[in-house]
Amino acid sequence: MSPIEHDKPAGLSTGAVARLLGVAPTTVRSWDQRYGLGPASHTSGRHRRWTAVDIARLERMCSLTMTGVPPAEAARIARDGAPPPLEPAAAPKRPGSARGRSGIGLQLGDARRECKGLARAALRLDAPSLDGLLTAAIADHGLVTAWQEVIMPTLQAVGRKWESSGEKYVEVEHFLSWHVSSALRRSTPPVPAGQSADVTLLACVPGENHTLPLEALTAALAQHGLPVRMFGAAMPTQALLEAVRRTGPAAVGLWAQSRTTASRPLAQHVASMQWGVRGARRHPLVLTLGPGWAGQTVPGLPRPPGLAEALAVLRTAATDDTRRPVTQ
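With full-length UniProt numbering applied, the sequence shown closes on residue 328, and no number is skipped along the way.
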């Protein structure tokens, strides 16, 4: 495991150490109680502070358990400085990677430190740690920054590993995606009762099942107090058109991950839909979202490249009616 920089000689709290290692705080406490891997010294009171030497032992514990060494044996090696069990020589680990039990690596480059913790927790299929790290990232950085700089880089690294390994490690991708979805829902405030004006409608185009980016946008809109209706994966065309008619949205976001699912005629048809009384007809602003629209730009329809840009466009659409009325 790559070395970690430590900020102060006084040491770090148990929670901070857990985030750095990508494990749950209860795991760190358990290793202390069961195997004697606690900090060498204590501060006044009951607070426990971990020094660089203490954390180095925990790093070795993590590294050994992720390669299949039983926890008790890994703790003895980490505590006593014993050599690890003999095993075939492995290729040197490249910087920025996170290894799992099978020795697989996720290349994360210069991503934030939190990405490496997420990757390690995902590779271990460690649900408590993953939930804690995701919740902490959103709380510490805000949803938009956490999505763009922590969650997305980790998801992309997992996706690259899946694609390059003959579809091995599918369980890691599904596991991480499910926990990301759960964290986004936890961060989404409830929609106030009776709120329906200037709603944004979000849906994946027919045949498209990648919903996580829309879930992130749903949570971001809700956090800004903007009403949103999320319809999820593979929305059938007729159902999508009916939802637009019934809600009269200020904006519609259509997500396409693949060029094979992006449909210019569908986006143009939704953008042309009108409702309201004669002389004050209205139509929605349609956003083409996702990489599937690359090379299929629809004239007059915005294609924001990321979550922050999509949020900015939709916040403007929800408060500016000057674009939507259609005079007749």
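Where a beta carbon is used, it is the ideal one built from N, C-alpha and C, also for glycine.
By the criterion of a C-beta distance shorter than 7 angstroms, residue 209 is surrounded in its chain by 233, 234, once the five residues flanking it on both sides are discounted. Residue 57 is classed as buried because its beta carbon has at least 16 other beta carbons within 10 Å across all chains shown.
With fewer than 16 other CB atoms across the displayed protein chains lying within 10 angstroms of its CB, residue 297 is exposed. Shown here, residue 203 sits in a strand according to DSSP, grouped into three states. For residue 262, same chain residues with a beta-carbon under 6 angstroms away, outside a window of 5 residues either side, are 256, 292, 293, 296 in chain order. Straight through space, the alpha carbons of residue 71 and residue 143 are spaced by roughly 35 angstroms.
In the DSSP assignment, residue 229 falls outside any alpha helix (DSSP H) and within the unbroken beta strand (DSSP E) covering 228–230. In terms of Cβ geometry, residue 134 and residue 179 form a close pair [threshold 8 angstroms]. Here residue 31 is not near residue 39, since their CB atoms are 8 angstroms or more apart. The DSSP-derived three-state label of residue 37 is coil. Residue 218 and residue 260 do not touch by the CB rule: their CB atoms are close to 24 angstroms apart, not below 8 angstroms. Excluding five sequence positions before and after residue 146, the CB atoms of its chain that fall closer than 7 angstroms to its own CB belong to 137, 138, given in chain order. Here residue 242 is exposed. Its C-beta has fewer than 16 other C-beta atoms within 10 Å.
Burial is judged here by how many other beta carbons sit within 10 angstroms of a residue's own beta carbon; residue 18 has at least 16 and is buried.
Here residue 36 has 79 as same chain residues with Cβ atoms under 7 angstroms from its own Cβ, once five neighbours each way along the sequence are excluded. By the neighbour-count criterion, in which 16 or more other beta carbons inside 10 Å mark a residue as buried, residue 249 falls on the buried side.
The residue from 211, 16, 237, 228 with its alpha-carbon nearest to that of residue 117 is 16.
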